[in-house]
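Q:
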Amino acid sequence: MIPKTEKTMTHALEFKNVSHAFDDHQVARNISFHLGKGEIVCLLGPSGCGKTTLLRLAAGLEKLQSGCIEIDGKVVADGHAKNFVPPEKRHVGLVFQDFALFPHMDVMQNAVFGIDPKDAGRVSWIEKMMGNLGLADKRHSYPHQLSGGEKQRVALLRALAPNPRVLFLDEPFSALDTTRRLQIREDTVHLLKDEGISAMMVTHDPEEAMFMSDRILVMKDGHIIQNAPSAEVFLHPKNSFVAKLFGPANRFESIVRNGKASTPLGDFSAGSLLDGTAVEILIRPEAVTAESSDNEQHSAEVLDNHFLGHSSCMHVNVISPADGKTYEIRTRARHGNPLSIGDKASLDIDENHVFVFEL
Ligand code: ADP
Ligand code: MG
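Last residue of the sequence shown? That's 362 in this note's numbering, and every number before it is there in order.
1. Out of H318, A336, R335 and A246, state which residue places its alpha-carbon closest to the alpha-carbon of T329.
2. Considering only heavy atoms of the ligand ADP, does any lie closer than 7 Å to the CB of V205?
3. Can D208 be considered in contact with the ligand MG, in the sense that its beta carbon sits closer than 7 Å to one or more heavy atoms?
4. S349: which of G279, V359, G269 and L311 sits nearest, CA to CA?
5. Report back the beta-carbon spacing between G46 and K54 to the nearest angstrom; my notes put them in contact at under 8 Å.
6. Can you find the residues in the same chain that come closer than 8 Å, C-beta to C-beta, to P251, ignoring five residues on each side of it along the sequence?
7. With distance defined between alpha-carbon atoms, name the residue in D27, R335, T292 and S302 nearest to G312.
8. If you drop the 5 nearest sequence neighbours on each side, which residues of the same chain put their C-beta closer than 7 Å to that of L64?
9. Taking only heavy atoms of the ligand ADP into account, decide whether any of them is closer than 7 Å to the Cβ of V98.
10. Under 8 Å between the Cβ atoms of D101 and A178?
11. Decide if F255 is buried, meaning its Cβ has at least 16 other Cβ atoms within 10 Å, or exposed.
12. Are the segment 30-45 and the segment 209-228 touching by the rule of at least three beta carbon pairs closer than 8 Å?
13. Could you please give the first and the last residue of the uninterrupted alpha helix (DSSP H) stretch that includes N113?
14. Can you tell me whether N166 is helix, strand or coil according to DSSP?
15. Touching or not, the segment 70-79 and the segment 11-20, by the rule of three or more beta carbon pairs under 8 Å?
16. Who are the Cβ neighbours of H147 in its own chain at under 8 Å, not counting the five residues just before and after it?
17. Mapping DSSP to helix, strand and coil, what is N261?
18. Which stretch, first to last residue, makes up the alpha helix (DSSP H) that contains V126?
19. Please identify the residue among H193, Q229, E189 and I200 whose C-alpha is closest to the C-alpha of E211.
20. Of the choices F310, S35, L238 and V259, whose alpha-carbon is the least far from that of R337?
21. Do H226 and the ligand ADP come close, with the Cβ less than 7 Å from some heavy atom?
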C-alpha cells in the first residue's frame with residue numbers, strides 16, 4: 004500500500020494552465036493541478052461545471068485548445084497537433100457512469116479486452132482480481148445477466164487490466180442504489196490503494212469525494228475554487244460556495260463591527276475582515292445543539308423534529324436579541340433529540356462550523 008503522503012519525482016498527471024471552450028462557452032479556465040503517484044483526487048462540483056471535460060481532455064477524447072497536459076512527466080497535449088498523443092497511447096483507464104461494457108462479450112472477454120492474451124503476468128493478475136472482486140463464478144456471464152454492482156466491478160477490472168498510468172472514473176457509482184454504492188466505493192478505494200493506482204474521479208457527491216479521495220478539487224464554472232485534503236475543504240471552505248456543497252446551512256448577513264459579525268445566534272469572529280465589510284455568515288445545522296430549557300430567557304421554540312436514524316433534523320424559532328425579529332433555524336443532532344413541537348430550548352453553537360465570508 005502506498006502511503007498517502009508519498010512524494011515522487013514525477014506526477015502521474017499534471018494540468019498546466021488548461022483552458023477550453025465549446026464555441027464561445029468557456030468550460031475550463033486556466034486550470035492547473037497535479038495528481039501524485041498513487042494518489043486519488045476527486046473533482047467535485049455541480050452538474051455542468053466542466054468536470055467531465057477535464058477528464059476527457061486528460062484522456063485525449065477531447066482536443067486541447069490551450070495549456071499543457073502531462074502524464075508521467077511526458078507531454079500528451081499542448082495544443083500543437085504534432086504533440087498530441089491519442090487516447091490509446093496514453094496508457095490511461097476509463098470507467099464511465101454507464102459502465103459501457105461490450106454487450107456481446109462475457110465477463111472474462113470484457114476484462115481481458117485491452118491486454119495481450121499472451122501477457123501471462125496480466126492474465127494472472129486479472130484472474131486474481133476476478134476472485135478478489137467476487138466475479139470468479141461470473142466469468143462466462145454476459146453484461147445483461149449482471150447486477151449493477153457486478154457491471155461496475157467488471158468495468159473497473161477492464162480499465163485496470165492493461166496496468167494504466169492513471170485511472171479516470173466519471174461518476175462511477177451514480178447508477179447504483181445506496182446500499183450497493185457504499186459497499187462498492189469501499190471495495191474500489193481499497194483496491195486502488197492496495198494496487199497503488201493513481202486515480203482521478205469525478206463526482207457531484209461531497210460525501211463520496213471525502214470518502215474516496217486524498218484530495219478534493221472543488222470546481223465551479225470552469226474554475227478550481229479549492230484544492231485541498233478533504234478535511235480542510237470541509238472544515239475550512241474557501242468561500243460560501245464550497246461551504247454550501249456540504250448541505251444547507253443557516254445563512255445571515257451582517258456588517259463587521261469590532262471584528263465581529265452579528266447573527267440571531269450570537270456574534271462570531273470575522274477573522275481578518277475589516278470593520279464595515281458586508282459579510283454572510285453560514286452556520287451549519289450540526290453547529291447548533293438544542294437542549295430542553297425552562298428558562299423563559301431562552302427564546303428558541305421547537306417547530307418540528309424529524310428522526311433520521313443516525314441523526315435528527317429539527318427546526319426551531321429564535322427571537323433575535325438584536326432586532327427582536329423571529330428567525331427559523333435548522334439544527335442537526337447526531338443522535339435522536341427528545342424535544343417535541345412547542346418545547347422551549349436553549350441553543351449552543353459550535354464555532355468550528357460557523358463561517359464568515361465577505362459578500
Ligand atoms: P460536468 O461533467 O461537470 O457536468 P461537462 O464537462 O460535461 O460538465 O460540461 C461542461 C459544459 O460544457 C456544460 O455546459 C456542457 O453542456 C458543455 N459541453 C460539454 N460537452 C460539450 C460538447 N461536446 N459540445 C458543446 N458543449 C459541451
Ligand atoms: Mg459530467
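Where a beta carbon is used, it is the ideal one built from N, C-alpha and C, also for glycine. What you are looking at is a predicted structure, and each value in this text was computed from that prediction instead of being measured.
A: Taking the geometry as given:
1. Residue numbering aside, residue 329 sits at position 326 when the sequence shown is read from its first letter. Out of H318, A336, R335 and A246, H318 has the C-alpha closest to the C-alpha of T329.
2. As a first step, residue 205 is located in the sequence shown; it is residue number 202 there, counting from the start. Answer for V205: yes, Cβ within range of the ligand ADP.
3. Counted from its first residue, the sequence shown places residue 208 at position 205. At a cut-off of 7 Å, the beta-carbon of D208 does not count as near the ligand MG: no heavy atom of the ligand is closer than that.
4. Here residue 349 is taken as the residue at index 346 of the sequence shown, counted from 1. For the set G279, V359, G269 and L311, the Cα lying nearest the Cα of S349 is the one of G269.
5. As a first step, residue 46 is located in the sequence shown; it is residue number 43 there, counting from the start. As a first step, residue 54 is located in the sequence shown; it is residue number 51 there, counting from the start. The identity of residue 46 in the sequence shown is Leu, whereas the question assumes Gly. About 5 Å; that satisfies the 8 Å criterion.
6. Taking the sequence shown and counting its residues from 1, one reaches residue 251 at position 248. Around P251: P288 and R333.
7. Within the sequence shown, the letter at position 309 stands for residue 312. Minimum Cα distance to G312 is reached at R335.
8. Translated into the one-based positions of the sequence shown, residue 64 becomes position 61. Once the five neighbours on either side are set aside, the close Cβ partners of L64 are P90.
9. Here residue 98 corresponds to residue number 95 of the sequence shown, with the count starting at 1. In this structure, the ligand ADP has no non-hydrogen atom nearer than 7 Å to the beta-carbon of V98.
10. As a position in the sequence shown, residue 101 is number 98, starting the count at 1. As a position in the sequence shown, residue 178 is number 175, starting the count at 1. It is a contact, given that the beta carbons lie within the stated cut-off.
11. By one-based count along the sequence shown, residue 255 stands at place 252. Label assigned to F255: buried.
12. With a cut-off of 8 Å, the segment 209-228 and the segment 30-45 count as touching, because enough Cβ pairs lie within range.
13. Within the sequence shown, residue 113 is the residue found at index 110, counting from 1. Start and end: V110 to A114.
14. For this step, residue 166 is matched to residue 163 along the sequence shown. Coil, per DSSP.
15. Output reads yes: the segment 11-20 touches the segment 70-79.
16. As a working mapping, residue 147 is identified with position 144 in the sequence shown. The residues are P106.
17. Looking up residue 261 in the sequence shown gives position 258. If DSSP states are grouped into helix, strand and coil, N261 belongs with coil.
18. If you number the sequence shown from 1, residue 126 lands on position 123. Counting along the chain, the alpha helix (DSSP H) containing V126 begins and ends at A123 to N135.
19. The residue you call residue 211 lines up with position 208 of the sequence shown. If we check each option's Cα against that of E211, E189 comes out closest.
20. If you number the sequence shown from 1, residue 337 lands on position 334. Of F310, S35, L238 and V259, the residue nearest in Cα terms is F310.
21. Position 223 of the sequence shown holds residue 226. Of the heavy atoms belonging to the ligand ADP, none sits nearer than 7 Å to the Cβ of H226.
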